[in-house]
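*Asks:*
Number of protein chains: 2
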Amino acid sequence: MRLRIDLAYDGTQFHGWARQADQRTVQGEVEAAIAKVLRLDSSDVCLTVAGRTDAGVHASGQVCHIDVDDDVLNRAIGHMHDVSGTQALFRRIRRIVPDDITIYSVEEAVHGFDARFSASDRVYVYRVADELAHADPRLRNMVLRIDDTLDVEAMNEAVSSTIGLHDFGSFALPNPGGTTIREVKFARWQRVPDMNLTPMNIYHGGADSLDTQAVGADPRTDESAYEIEFAESGLLTFTIIADAFARNMVRSLVGASIAVGRGKKTVQWFADKVAHPQREGLTGPAPACGLTLERVNYPEDGLLEERANAIRAVRSLD
Amino acid sequence: MRLRIDLAYDGTQFHGWARQADQRTVQGEVEAAIAKVLRLDSSDVCLTVAGRTDAGVHASGQVCHIDVDDDVLNRAIGHMHDVSGTQALFRRIRRIVPDDITIYSVEEAVHGFDARFSASDRVYVYRVADELAHADPRLRNMVLRIDDTLDVEAMNEAVSSTIGLHDFGSFALPNPGGTTIREVKFARWQRVPDMNLTPMNIYHGGADSLDTQAVGADPRTDESAYEIEFAESGLLTFTIIADAFARNMVRSLVGASIAVGRGKKTVQWFADKVAHPQREGLTGPAPACGLTLERVNYPEDGLLEERANAIRAVRSLD
Numbered sequence: 001m002r003l004r005i006d007l008a009y010d011g012t013q014f015h016g017w018a019r020q021a022d023q024r025t026v027q028g029e030v031e032a033a034i035a036k037v038l039r040l041d042s043s044d045v046c047l048t049v050a051g052r053t054d055a056g057v058h059a060s061g062q063v064c065h066i067d068v069d070d071d072v073l074n075r076a077i078g079h080m081h082d083v084s085g086t087q088a089l090f091r092r093i094r095r096i097v098p099d100d101i102t103i104y105s106v107e108e109a110v111h112g113f114d115a116r117f118s119a120s121d122r123v124y125v126y127r128v129a130d131e132l133a134h135a136d137p138r139l140r141n142m143v144l145r146i147d148d149t150l151d152v153e154a155m156n157e158a159v160s161s162t163i164g165l166h167d168f169g170s171f172a173l174p175n176p177g178g179t180t181i182r183e184v185k186f187a188r189w190q191r192v193p194d195m196n197l198t199p200m201n202i203y204h205g206g207a208d209s210l211d212t213q214a215v216g217a218d219p220r221t222d223e224s225a226y227e228i229e230f231a232e233s234g235l236l237t238f239t240i241i242a243d244a245f246a247r248n249m250v251r252s253l254v255g256a257s258i259a260v261g262r263g264k265k266t267v268q269w270f271a272d273k274v275a276h277p278q279r280e281g282l283t284g285p286a287p288a289c290g291l292t293l294e295r296v297n298y299p300e301d302g303l304l305e306e307r308a309n310a311i312r313a314v315r316s317l318d
Numbered sequence: 001m002r003l004r005i006d007l008a009y010d011g012t013q014f015h016g017w018a019r020q021a022d023q024r025t026v027q028g029e030v031e032a033a034i035a036k037v038l039r040l041d042s043s044d045v046c047l048t049v050a051g052r053t054d055a056g057v058h059a060s061g062q063v064c065h066i067d068v069d070d071d072v073l074n075r076a077i078g079h080m081h082d083v084s085g086t087q088a089l090f091r092r093i094r095r096i097v098p099d100d101i102t103i104y105s106v107e108e109a110v111h112g113f114d115a116r117f118s119a120s121d122r123v124y125v126y127r128v129a130d131e132l133a134h135a136d137p138r139l140r141n142m143v144l145r146i147d148d149t150l151d152v153e154a155m156n157e158a159v160s161s162t163i164g165l166h167d168f169g170s171f172a173l174p175n176p177g178g179t180t181i182r183e184v185k186f187a188r189w190q191r192v193p194d195m196n197l198t199p200m201n202i203y204h205g206g207a208d209s210l211d212t213q214a215v216g217a218d219p220r221t222d223e224s225a226y227e228i229e230f231a232e233s234g235l236l237t238f239t240i241i242a243d244a245f246a247r248n249m250v251r252s253l254v255g256a257s258i259a260v261g262r263g264k265k266t267v268q269w270f271a272d273k274v275a276h277p278q279r280e281g282l283t284g285p286a287p288a289c290g291l292t293l294e295r296v297n298y299p300e301d302g303l304l305e306e307r308a309n310a311i312r313a314v315r316s317l318d
């Protein structure tokens, strides 16, 4: 049986998704949890993931799959009652994984589903606290702080050249045996709007309240004085959606956009890099902390297998 | 000259606001930064704060003040040009403080301003990820995770009894020489609405795109498939606003609400604790990580001094 696992993680303390000997990785932790519950050797558990994130990159909507025999899966049930092996596995592994990983669901995958090859697109968001944003220290693990004002209009002019089908060789690590051709569906720098976390309806005290007597009438009748905003309000975000991403592609596009936003590079320089793929003059990738894989989309159930076969055919392992 | 300092911090790695020998505290770090810039001994720098947060509690809108002689303040200018001592101090200390503190502004305080005694109210928010919320691991330092569903209606029935002027002795550490009487203006558990981080307008590819040719028509025309929500969407929040708070008061109210929400205590038990202040049978305070001091409000400039004098008179040092 093939299981689809939806999960999220804070990438700060991981050496990325992919399992590596002697390194703390997301794949390593999740596989170890599954192996423990199913009484398997870790080397017999192998996850296939939608987006292999690099060291320090986060995911709020990652998807992976695993193939497991029914009789092995049922080992998860143990003394539980009225649950399937799949549900039992979910309930157990979500409590075993470390607290920088959250398992959202484990479900039987529909026919033809492949977490990696069936995916129709991936959505990444890079968050920046520039001079105009309040750099909330509670979010410092997921936001890049820049003590500078950026020319957002120029940055958007630059990234508009990425829309459509291009070879992103100028913005990606080399991919031996594969291509760096990808189709970008959306790429835009935007200011997060100021939004209220919760609605309010303030009690202003009775005429006889001690406070009012002691201090004089409270001048605050303006309820906006009590509004609490989402912590992400005011941040600058780069959202990019593509069928898939070449290695380092999002962070390199962000690094190059920021160079434009600071006036160190021109929009034309950026557009030329898109038009003429080359590795020379690569702008360094932006730091990993600002990047999150937000979601992975799949086509309708009936098209999953067709999609996976087509993608396997056109794209080498990358 | 009196300076008003607005700041924020992630409380996770601090032993609270208040300076303590041999402990990492917010006050200690900010005072050390100011002392360094003004070439003073740390013991000659003393901040007065609006809300003295406990160990592990965060602040996104903390306010404090400091009194400093003009000639000392001007030491901050050094080789800077065209800046006041106040602006120079701001620019320097914001770069010196550790990255779990953000200094938002340093400004000359208006006449009569006292960060602590002029404040008209404080706003705290406690964040919980219950079974209905997605526990985003990126926010785990600022959200309490509860693997349980809570009866939010019962919790709100309970906390409605706190509105108005009450002695919160059942929910506070003893306050020798002072009272635990406070006026609550708002207290409510609410589900954070699902809000889009940024608007989108997706490019679906041309008829001749490689992707379309290879894989068949992309079935995704529904743009909701690309929406990214604020990371706090779906969380359960407790917002409470009062003129001031007794020690441990918010976390004790949260702990008692959660006991009601889990069905372990009744609404009547909660209301009785509000009606009859007593220390017996205290419900433990909820963990510090979920709590943030969100903002501090002050009356109009002309009323600052009056307010401060009145509050000093009615409330002992607490």
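Just so you know, the protein sequences line up as chains A and B, in that order. Note that the UniProt record's numbering has the first sequence beginning at 1, numbered continuously upward. Note that the UniProt record's numbering has the second sequence beginning at 1, numbered continuously upward. Every residue gets a Cβ at the ideal spot worked out from N, C-alpha and C, and that includes glycine. Just so it is clear, the structure is predicted and the values come from calculations on it, not from any experiment.
Chain A beta carbons: is any one of them nearer than 9 Å to that of F230(B)?
*Replies:* Looking up residue 230(B) in the second sequence gives position 230. It does; some Cβ of chain A falls within 9 Å.
*Asks:* Is the Cβ-Cβ distance between T102(B) and A8(B) less than 9 Å?
*Replies:* Working through the second sequence from its first residue, we reach residue 102(B) at position 102. Working through the second sequence from its first residue, we reach residue 8(B) at position 8. Judged by beta-carbon spacing, A8(B) lies within the 9 Å limit of T102(B), meaning their Cβ atoms are closer than that value.
*Asks:* Shortest alpha-carbon distance to P299(B) belongs to which of L132(B), R122(B), A154(B)?
*Replies:* Your numbering for residue 299(B) matches position 299 in the second sequence. Out of L132(B), R122(B), A154(B), R122(B) has the C-alpha closest to the C-alpha of P299(B).
*Asks:* So the alpha helix (DSSP H) L89(A) belongs to, where does it begin and stop?
*Replies:* Taking the first sequence and counting its residues from 1, one reaches residue 89(A) at position 89. Run containing L89(A): 85 to 96, per the alpha helix (DSSP H) assignment.
*Asks:* Find the residues of chain B that neighbour D100(A), judging by a C-beta separation of less than 8 Å, and give them in chain order.
*Replies:* The sequence position of residue 100(A) within the first sequence is 100, counting from 1. Going along chain B in sequence order, the residues near D100(A) (Cβ under 8 Å) are P137, R140.
*Asks:* Residues in its own chain within less than 6 Å of E305(B) by CB, not counting five upstream and five downstream?
*Replies:* By 1-based counting over the second sequence, the position of residue 305(B) is 305. G112.
*Asks:* When you compare the region 169 to 187 of chain A with the region 244 to 262 of chain A, are there three or more beta-carbon pairs, one atom per stretch, that lie closer than 8 Å?
*Replies:* yes
*Asks:* At the 9 Å Cβ level, is H15(B) part of the contact set with chain A, yes or no?
*Replies:* The sequence position of residue 15(B) within the second sequence is 15, counting from 1. False, the Cβ-Cβ gap to chain A never drops below 9 Å.
*Asks:* Which two residues bound the contiguous beta strand (DSSP E) that contains R312(A)?
*Replies:* Within the first sequence, the letter at position 312 stands for residue 312(A). Here R312(A) belongs to no beta strand (DSSP E); instead the alpha helix (DSSP H) covers 304 to 314.
*Asks:* I need the DSSP call for G164(B), collapsed to helix, strand or coil.
*Replies:* For the purposes of this step, residue 164(B) is identified with residue 164 of the second sequence, where counting begins at 1. Secondary structure at G164(B): strand, using DSSP grouped into helix, strand and coil.
*Asks:* I'd like to know if A88(B) contacts chain A, where contact means its C-beta is closer than 9 Å to some C-beta of that chain.
*Replies:* Counting from one through the second sequence, the residue named residue 88(B) turns up at place 88. Under the Cβ distance rule, A88(B) does not count among the residues neighbouring chain A, no pair being separated by less than 9 Å.
*Asks:* Measuring only between beta-carbons, confirm whether V215(B) sits less than 9 Å from chain A.
*Replies:* Locating residue 215(B) in the second sequence gives position 215, where the first residue counts as 1. Reliability fails at V215(B), whose pLDDT of 39 lies under 50, so the model's placement of it is uncertain and the value that follows must be treated cautiously. By this cut-off, V215(B) is an interface position.
*Asks:* Start and end of the beta strand (DSSP E) containing residue 376(B)?
*Replies:* In this structure chain B extends from 1 to 318, so residue 376(B) is not present and cannot be described.
*Asks:* Anything in chain A within Cβ reach of S257(B), meaning under 8 Å, just list it in chain order.
*Replies:* In the second sequence, counting from the first residue as 1, residue 257(B) sits at position 257. Per Cβ cutoff of 8 Å: no residues; S257(B) is ~15 Å from chain A at best.
*Asks:* So, with DSSP's three-state summary, where would you put L73(A)?
*Replies:* Sequence index remark: in the first sequence, residue 73(A) carries index 73 (1-based). Looking at L73(A) - three-state DSSP - the assignment turns out to be helix.
*Asks:* With 9 Å set as the bound, which would you pick, yes or no: does the beta-carbon of H58(A) sit closer than that to a beta-carbon of chain B?
*Replies:* The residue labelled residue 58(A) in the question sits at position 58 within the first sequence. Output row for H58(A): interface = yes.
*Asks:* Would you give the residue range spanned by the beta strand (DSSP E) that G61(B) belongs to?
*Replies:* On the second sequence, position 61 is the one that residue 61(B) refers to. Its beta strand (DSSP E) spans residues 58 to 67.
*Asks:* State the DSSP-derived secondary structure class of R108(A), mapped to helix, strand or coil.
*Replies:* Looking up residue 108(A) in the first sequence gives position 108. Contrary to the premise, residue 108(A) reads as Glu rather than Arg in this sequence. E108(A) falls in the strand class under three-state DSSP.
*Asks:* For E227(B), write down the residues that DSSP places opposite it in a beta bridge.
*Replies:* As a first step, residue 227(B) is located in the second sequence; it is residue number 227 there, counting from the start. Answer by DSSP bridge pairing: none, since E227(B) is not bridged.
*Asks:* With DSSP as the reference, label D100(A) as helix, strand or coil.
*Replies:* What you label residue 100(A) is simply residue 100 of the first sequence in a count that begins at 1. Here D100(A) sits in coil by DSSP.
*Asks:* The beta strand (DSSP E) with D10(B) in it runs from where to where?
*Replies:* If you number the second sequence from 1, residue 10(B) lands on position 10. That residue, D10(B), is in no beta strand (DSSP E); it is neither H nor E in DSSP.
*Asks:* Taking Cβ-Cβ distances shorter than 8 Å, what residues in chain B pair up with Q190(A)?
*Replies:* Position 190 of the first sequence, counted from the start, is the residue given in the question as residue 190(A). By Cβ distance, chain B contributes T198, P199.
*Asks:* Ordered along the chain, which non-local residues of its own chain (more than five positions away) have a Cβ less than 7 Å from that of R145(A)?
*Replies:* Taking the first residue of the first sequence as position 1, residue 145(A) is located at position 145. Same-chain partners within the cutoff: A129, A135.
*Asks:* Out of R24(B), S160(B), S118(B), which has the shortest C-alpha to C-alpha gap to D100(B)?
*Replies:* For this step, residue 100(B) is matched to residue 100 along the second sequence. The shortest C-alpha separation from D100(B) is found at R24(B).
*Asks:* With contact counted as at least three CB pairs below 8 Å, one residue from each stretch, are the region 284 to 297 of chain A and the region 56 to 67 of chain A in contact?
*Replies:* yes
*Asks:* Tell me whether N196(B) sits in a helix, a strand or coil according to DSSP, three-state version.
*Replies:* As a first step, residue 196(B) must be located in the second sequence, where it is residue number 196. Of the three classes helix, strand and coil, the one that applies to N196(B) here is strand, per DSSP.
*Asks:* Whether or not the region 266 to 277 of chain A and the region 23 to 37 of chain A are in contact is what I'm after, with contact meaning three or more pairs of Cβ atoms, one per stretch, closer than 8 Å; do they touch?
*Replies:* no
*Asks:* So, is D114(A) buried or exposed, given that buried needs 16 or more other C-beta atoms within 10 angstroms?
*Replies:* Counting from one through the first sequence, the residue named residue 114(A) turns up at place 114. Answer is buried; the Cβ neighbour count reaches 16.
*Asks:* Give a yes or no on whether the C-beta atoms belonging to A242(A) and V296(A) are separated by under 9 Å.
*Replies:* Numbered from 1 along the first sequence, position 242 holds the residue referred to as residue 242(A). Numbered from 1 along the first sequence, position 296 holds the residue referred to as residue 296(A). Going by C-beta atoms, A242(A) is not nearer than 9 Å to V296(A).
*Asks:* Within 10 Å of its beta-carbon, does P199(A) have 16 or more other beta-carbons around it, so buried, or fewer, so exposed?
*Replies:* Within the first sequence, the letter at position 199 stands for residue 199(A). Classification for P199(A): exposed.
*Asks:* Should V314(B) go down as buried or exposed, given a rule of 16 or more other Cβ atoms within 10 Å for buried?
*Replies:* Here residue 314(B) corresponds to residue number 314 of the second sequence, with the count starting at 1. Taking all protein chains in view, the Cβ of V314(B) is surrounded by fewer than 16 other Cβ atoms within 10 Å, so the residue is classified as exposed.
*Asks:* Closest to D69(A) by CA distance: which of E108(A), E227(A), T12(A) is it?
*Replies:* The sequence position of residue 69(A) within the first sequence is 69, counting from 1. It is E108(A) whose Cα lies nearest to the Cα of D69(A).
*Asks:* Counting only Cβ pairs nearer than 8 Å, list the residues of chain A close to M195(B).
*Replies:* By 1-based counting over the second sequence, the position of residue 195(B) is 195. What M195(B) touches in chain A: M195, F230.
*Asks:* Measuring only between beta-carbons, confirm whether V63(A) sits less than 9 Å from chain B.
*Replies:* Position 63 of the first sequence holds residue 63(A). No, no contact with chain B.
*Asks:* Please return the same chain residues whose Cβ sits closer than 6 Å to the Cβ of E157(A), not counting the five positions on each side in sequence.
*Replies:* For the purposes of this step, residue 157(A) is taken as residue 157 along the first sequence, with counting starting at 1. V267.
*Asks:* Hey, does H276(B) have any beta-carbon neighbour from chain A nearer than 9 Å?
*Replies:* Here residue 276(B) refers to the residue found at position 276 of the second sequence. No, H276(B) does not count as interfacial toward chain A.
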